[in-house]
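Chain order of the listed sequences is D and R. Yeah, the first sequence ends on 363 if you go by the working numbering, and it's all consecutive. Yeah, the second sequence ends on 134 if you go by the working numbering, and it's all consecutive. Ideal Cβ placement from N, Cα and C applies to all residues, glycine included. Note sheet for the following structure.
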Amino acid sequence: MNLLYFMYMEYLAKYNIPKLFGDITFYIIPFCIIALALLIIVLILVLAERKLLGYFTQRKGPNRVGYWGILQTLADAIKLLCKENITPKGVDRFLFNLAPVLVFVPTFAALGIIPYCAEFTFVNTSTNVILYLILAAFPILSIFLGGWASNNKYSLMGAMRSIAQVISYELPVTFVLLSIVVLSSSTNLTGITLAQYSRAGFAGWFIFPCIIGFVVMFVSILAELNRCPFDLPEAESELICGYNTEYSGMRFAIFYLSEYAMLFANSMFLAILFLGGYLSPFGGYISHILLGDSYLASILVYFEQVFWLFLKSALLIFIIIWIRATLPRLASFDLLKFSWSILLPVSIVNLLLVVLIKFGGLL
Amino acid sequence: MKFIKAAINISDGLLTVFKHLFRKPVTLEYPEKRRELNNNFRGKLTVDGCIGCGVCKRVCPSGAISYEKNLNGKVLSYTFDLNKCIFCGNCKYYCPCGAISMTKEYELASANKKDLKLKYNIGVPEEENIKENK
């Protein structure tokens with residue numbers, strides 16, 4: 001980010017634009033880029049999920065709007081935009097309107113602290129990991145807000161379930177994160193990424209010393225994202241649609257958008273922690289191998305890093321959709337029991353193992 | 001032990017679902033692509049070479065067939081009411097001269113109920129009857 005900052009400042013200094021303007025816009029422009037990229041990515045994700053779910057169940061998925069159904073999500077988005085925003089009787093108006101806004105803010109912020117490539121982290125603090133942990137749990141609070149303000153028993157039940165879920169699944173995540181911090185001796189996501197570098201490519205990834213942690217983290221993130229088989233907060237067959245039963249039109253669209261954005265952010269987070277983030281799985285970058293040490297290669301490397309990160313997260317998203325197509329929903333009680341009696345002890349054992357590997361001379 | 005069993009079951013299920021990815025989808029995009037019909041398919045009825053014996057009316061389980069007689073008691077025309085017809089094929093089976101046949105036409109939805117009452121005049125060539133019913 002420093003390199004980009006100085007390049008930007010130099011460019012502004014050429015045209016005698018004050019430094020303050022540069023300081024402000026340097027942080028605004030990236031977030032505009034995120035906002036645009038996010039919209040496009042969510043459109044792609046929704047289509048990919050529906051298509052994949054179709055093929056997993058021997059159907060075709062959406063195939064009417066545009067070639068191969070490409071414009072389906074766009075059509076859905078336009079439909080949601082045109083719909084009426086209904087505010088039911090008896091709702092807490094202020095909180096009801098506030099919840100969709102609040103659900104989007106942490107999602108957006110979480111995307112801002114992910115290192116996309118070596119020079120491109122929008123907010124690079126030294127404790128990125130802990131910040132991310134807090135931001136990832138935040139949408140649940142707005143879900144509870146929306147469910148409570150809706151004045152609907154199904155919404156409230158869904159919201160309460162999501163709170164119980166996030167409380168029980170946040171602890172295993174924390175323990176797994178601690179083991180990652182032990183392995184990399186860093187609480188910065190860029191630091192964690194760089195700690196996984198090795199000449200042999202993927203051999204240095206933390207998934208190998210910490211495979212139990214990866215499984216625990218994956219399951220917990222499924223629960224945090226309210227994905228199948230942990231989609232209790234919006235269980236369609238029991239609670240109609242859970243917390244967003246009463247939402248319609250644009251407000252519902254924002255809930256939907258943030259759900260998929262969080263899916264994307266969390267899969268990238270997993271990829272950074274365990275699959276080496278933006279590092280190439282072959283050790284050296286392809287553009288360096290093809291173009292040598294030329295100036296073009298040094299620029300192309302950044303794009304290649306983004307590509308690797310997106311590819312890894314796409315793989316994880318594929319697995320998440322695959323699981324959704326396979327497993328049925330857990331009962332509410334089983335879910336909590338599974339977390340407290342299995343995942344939490346396993347994650348603590350994993351932390352002990354990792355400490356032994358790191359400081360016991362096993363690695 | 002219990003968890004190992006559960007893990008095996010889950011992975012077995014995941015594998016089964018994954019195999020579906022490589023199978024051909026069973027969905028057909030209906031108006032453009034249609035399923036191939038069997039030769040025994042029972043669709044819309046047509047009549048050709050009727051002798052007016054009235055057997056079909058008697059065997060029809062849903063009472064979909066009615067006929068018009070002249071003063072001498074001779075049958076002039078048959079009406080097949082597709083609103084009532086259950087496409088069982090009984091009339092075709094019992095017809096003594098094989099006059100009734102069932103086409104492969106199955107898109108019979110119509111905004112007007114009268115369109116589904118097919119009238120076949122006896123002693124008139126088949127094409128004219130079909131023209132009349134369209």
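What's the call for D/Arg-251, buried or exposed, on a 16-neighbour Cβ count within 10 Å? On the first sequence, position 251 is the one that residue 251 of chain D refers to. Buried, since its Cβ has 16 or more Cβ neighbours within 10 Å.
If you run the structure through DSSP and keep just helix, strand and coil, what is R/Asn-121? To locate residue 121 of chain R, count along the second sequence from 1; it is residue 121. Here R/Asn-121 sits in strand by DSSP.
Three-state secondary structure assigned by DSSP to R/Ser-110: Position 110 of the second sequence, counted from the start, is the residue given in the question as residue 110 of chain R. Of the three classes helix, strand and coil, the one that applies to R/Ser-110 here is coil, per DSSP.
Which residues of the stretch 19-53 of chain R have a Cβ closer than 7 Å to any Cβ of chain D? Give them in chain order. Within the stretch 19-53 of chain R, His-20, Leu-21, Arg-23, Pro-25, Val-26, Thr-27, Glu-29 place their CB atoms closer than 7 Å to a CB of chain D, listed in sequence order.
Between R/Lys-19, R/Leu-28, R/Asn-90, R/Lys-114, which lies nearest to R/Leu-45 when the distance is taken from Cα to Cα? Working through the second sequence from its first residue, we reach residue 45 of chain R at position 45. Among R/Lys-19, R/Leu-28, R/Asn-90, R/Lys-114, the Cα nearest to that of R/Leu-45 belongs to R/Asn-90.
Does any CB atom of chain D fall closer than 8 Å to the CB of R/Val-59? Taking the first residue of the second sequence as 1, we reach residue 59 of chain R at position 59. It does not: the Cβ of R/Val-59 has no partner Cβ on chain D nearer than 8 Å.
Contact check, R/Thr-27 vs D/Arg-59 under 8 Å by CB: the rounded distance? Translated into positions along the second sequence, residue 27 of chain R becomes position 27. Translated into positions along the first sequence, residue 59 of chain D becomes position 59. With a Cβ gap of about 5 Å, R/Thr-27 and D/Arg-59 count as contacting.
If we cut at 8 Å on Cβ distances, does R/Ile-10 have a partner in chain D? As a working mapping, residue 10 of chain R is identified with position 10 in the second sequence. Yes - at least one Cβ of chain D is within 8 Å of the one on R/Ile-10.
Residues in the same chain with beta-carbon distance under 7 Å from D/Leu-135, minus the five sequence neighbours each way, listed in chain order, please. On the first sequence, residue 135 of chain D is found 135 positions in, with the first residue counted as 1. The beta carbon of D/Leu-135 lies closer than 7 Å to those of Pro-106, Ala-109, Ala-110 in the same chain, with the five residues before and after it left out.
Would you list, in chain order, the members of the stretch 299-329 of chain D that have their beta-carbon closer than 8 Å to a beta-carbon of chain R? Result list: Trp-322, Ile-323, Ala-325, Thr-326, Leu-327.
I'd like the list of long-range same chain contacts for D/Ser-126, defined as Cβ closer than 7 Å, with 5 residues on each side in sequence excluded. Numbered from its first residue, the first sequence carries residue 126 of chain D at position 126. Thr-187, Asn-188, listed in sequence order.
Does the stretch 154-172 of chain D come close enough to the stretch 331-340 of chain D to have 3 or more Cβ pairs within less than 8 Å? Inter-segment contact for the stretch 154-172 of chain D and the stretch 331-340 of chain D is present: three or more beta-carbon pairs are separated by less than 8 Å.
Using DSSP with H/G/I as helix, E/B as strand and the rest coil, what is D/Asp-76? Position 76 of the first sequence, counted from the start, is the residue given in the question as residue 76 of chain D. DSSP places D/Asp-76 in the helix class (H, G or I) of the three-state scheme.
Those runs of the alpha helix (DSSP H) which lie wholly inside the stretch 141-229 of chain D and span at least 4 residues: Segments of the alpha helix (DSSP H) lying fully in the stretch 141-229 of chain D: 153-184, 189-195, 211-224.
Below 8 Å CB to CB, which residues in the same chain sit around D/Ala-75 once its five sequence neighbours on both sides are set aside? Position 75 of the first sequence, counting from 1, holds the residue named residue 75 of chain D. So the list reads Val-65, once near-sequence residues are dropped.
Would R/Val-17 pass as an interface residue toward chain D - the criterion being a Cβ-Cβ separation below 8 Å? Locating residue 17 of chain R in the second sequence gives position 17, where the first residue counts as 1. Yes - at least one Cβ of chain D is within 8 Å of the one on R/Val-17.
According to DSSP, is D/Ser-126 part of a helix, a strand, or is it coil? Indexing the first sequence from 1 puts residue 126 of chain D at position 126. Judged by DSSP in its simplified three-state form, D/Ser-126 adopts coil rather than helix or strand.
If contacts are defined as beta-carbon pairs under 8 Å, then D/Ala-253 and D/Leu-80 qualify, I think. What distance do you get, rounded to the angstrom? As a position in the first sequence, residue 253 of chain D is number 253, starting the count at 1. As a position in the first sequence, residue 80 of chain D is number 80, starting the count at 1. Here D/Ala-253 really is in contact with D/Leu-80; their C-beta atoms are around 4 Å apart, less than 8 Å.
For D/Asn-63, which residues in chain R fall below 7 Å Cβ to Cβ? Within the first sequence, numbered from 1, the residue matching residue 63 of chain D stands at position 63. The answer, in chain order, is Glu-29.
Could you tell me which chain R residues have their CB closer than 7 Å to the CB of D/Tyr-67, listed as they occur along the chain? Here residue 67 of chain D refers to the residue found at position 67 when the first sequence is read from its first residue. In chain order: nothing, as chain R lies at least about 13 Å away.
From D/Pro-209, D/Phe-122, D/Leu-39, D/Ile-78, residue whose alpha carbon lies closest to that of D/Gly-361: For this step, residue 361 of chain D is matched to residue 361 along the first sequence. When only C-alpha atoms are compared, the closest one is D/Pro-209.
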